[in-house]
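What follows is a single structure, written as structure tokens, with notes after it.
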Amino acid sequence: MKTLVKRILIGAIPLAMMSSCETALDKSPFNAITDASAFSTADRCLLSLYGVYDAAQSSPYTDGTVRGYPFGAANIEQGDARGEDVINVAAFFQITYQATYNTTTANNVGHWGALYALINKANISIDGFKNAAKSNIITAAAAAQYEAECRFLRALAHHEAVTLFARPYLDGNGNKLGVPYRDFAINSGSAVDQVRAIPRPTVAENYEKILADLDFAETNLPATLSPGTVRATKAAAIALKQRVKLHKGDWAGVIAEGAKLVPAAAPFVSPIGAWKLTDEPSGPFTNNSSTESIFSIRNDALDNTGTNGALPSMYGAANLGARGLLAISPIIWNNAKWLETDKRRTQLYLTGANANGASTVNVFTKKYTSYTERADFAPQIRYAEVLLNSAEAEARQATGVSDRAIALLNAVRNRALAAPATEAYTAASFADKKALIAAILLERRVEFLAEGKRWSDIHRNAVDPDFNTGGIPAKYANAAQGAALYKVGGAINPTQAAIPYADFRFIWPIPDTEKTQNPIIEQNPGY
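Position 336 of the sequence shown, counted from 1, bears residue number 336 in the working numbering, the numbering being contiguous throughout.
Quick look at the structure:
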């Protein structure tokens, strides 16, 4: 379908999302739609909205190909490759994995470009929806909802950018350089001049605008939408807002947002959207639109992120038809606090051949298994995250060991336990609140392994006095391989040195492509 739509305003529309727009499809070919007519009918307004979602799946990479930047696959792969819980088996993710990026390397340049392409498409569409409402093409309510969906995606993109290209909020209470916050369309010479006149804001200013976008989204989004999971809903906006406040260290705010989605007592089912954990750990991955999958980016057989980007291609074992490029690291696999009987170990992982040949093996994830069609959705927000966000905030804000935090932690952990009646945590399991927080942070690593969230946690906790990694953690060199490495409670011997937090490589550089077009933008120190 991508060949049918050439103009950046509309973008490609995944075929499976078109069923409600058949009338518009019959009227004229997509490549006949001009900027002026893109919002001329209600159907075309909806197509334009879908185009923004498509930009979230796959904005063009640096060479014009599709590799799942920013959210179709790349944010997950890059988020894992920056951390220590995967092994870069071959050389594919080496620049990210070894932190040898610079102002021209393709991964960080591509991510920046894709994020801001999505943001600009969202901004152009917001203006189009408002004008369509003024002309009575769509209702004011529809325009507000479509704007809310775009502002959700705009907030998601800016938050991704700030975690990659800026220091964390808790370093200086947001006083470090943030990223450009683009909340207007760049579609004219005057708009370009406006961009060139705005210096980099602070991280605190970024967070203020991100939260404002999400407040608007929460107010104007419905509890449910069709198709589910792949469109932003009220619960998605709340959950993303909760995540952002977690990065700010606003524990009361995290708890308040979580309370909108998590009842006071188990069983935990969201009063907004009825989101809940699946019965088994594999549930969100055997069903792309599970009861737990609050927001994901759609991939399908006709519109996916390609062999050089798709999640099953990168994370899957080579003997199963994948490329065997990102394996699970013994650093997390051998952690004795991740119980050997945990069902996630068997439901979601296997030992298979890696990219170096059939005789070399690693542990790989089975979360993404559509090796031929590459139709696995890219999970962005699951209900498990909402529960663990709330658990962490409750634990951090409490004066002692929080029973509420333990209950929320157990809700996620217990479904994977062989004997939850005896293995579940109790208050007696923890010497103090720090021990509880440590258990929650480990649970995040286990639960979201191979979902790209490791870097986010490393970044936000970088200056935490008790739970920081010291920077980019030590890792296994990409040559590490073999089943003998993997033994629960076994030795962990990373061979690639850690990079201290103070090192300039902890964050990515502003790309030269941006510096050339926008000379006022200040480069990150050290680059």
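Positions of the beta carbon are idealized from the N, C-alpha and C atoms, including for glycine.
Look at P312 here: in three-state DSSP terms it is helix. K433 places its beta carbon 9 Å or farther from that of A407. The beta carbon of A236 is closer than 7 Å to those of F152, I294, F295, I381 in its chain, skipping five residues each way along the sequence. Residue state for A235 is assigned as helix, using DSSP reduced to three classes. Between the alpha carbons of P500 and G470 lies a distance of about 6 Å. For T351, the enclosing beta strand (DSSP E) starts and ends at 349-354. Closest in alpha carbon position to P284, among K366, A55, A474, is K366.
Looking at the DSSP output, L177 sits in a beta bridge with T202. Looking from the CA of G324, the closest CA among W333, P330, M314 belongs to M314. Sixteen is the threshold: since fewer than 16 other Cβ atoms of the shown chains lie within 10 Å of the Cβ of S135, the residue is exposed.
Under the 10 Å beta carbon count, V52 is surrounded by 16 or more other beta carbons and is classified as buried. Residue pairing for G357: DSSP places it in a beta bridge opposite N354. Put simply, the segment 87-102 does not touch the segment 125-139. Fewer than three CB pairs are less than 8 Å apart. Here the alpha carbon of A391 sits roughly 4 Å from the alpha carbon of A405.
The Cβ-Cβ distance between W112 and W455 does not fall below 9 Å. With fewer than 16 other beta carbons inside 10 angstroms of its own, R196 counts as exposed. About 32 Å separates the CB atoms of P222 and H459; that is not less than 8 Å, and the two are not in contact. G316 and T307 have their C-alpha atoms some 12 Å from each other.
In terms of Cα proximity to N88, the closest of F364, D183, R243, N410 is F364. In the DSSP annotation of this structure, P70 is not part of any beta strand (DSSP E), being labelled neither H nor E. Within a 10 Å sphere around the beta-carbon of Q57 sit 16 or more other beta-carbons, which makes this residue buried. In terms of Cβ geometry, Q98 and Q496 form a close pair [threshold 9 Å]. For a cut-off of 8 Å, the C-beta gap from T372 to G321 is around 7 Å, short enough to register as a contact.
Taking the C-beta atoms as reference points, E257 is found no nearer than 9 Å to K276. Counted as a single uninterrupted DSSP element, the stretch harbouring S125 is not any beta strand (DSSP E) but the alpha helix (DSSP H) occupying residues 106-134.
Per DSSP, the continuous beta strand (DSSP E) segment holding S293 begins and ends at 293-297. Looking at the DSSP output, F364 bridges to L350.
The Cβ neighbour count for P281, taken over all protein chains shown within 10 Å, is at least 16; the residue is labelled buried. In the assembly as shown, I119 is a buried residue. Its beta-carbon has 16 or more other beta-carbons within 10 Å. Burial of N108 is indicated by the presence of at least 16 other C-beta atoms within 10 angstroms of its C-beta. Assigned with DSSP and collapsed to three states, Q481 falls in coil, not helix or strand. When DSSP reads this structure, G306 sits in no beta bridge, so it has no partner. Nearest C-alpha to L225 among E292, G273, R243: G273. Residue pairing by DSSP puts V86 in a beta bridge opposite I328.
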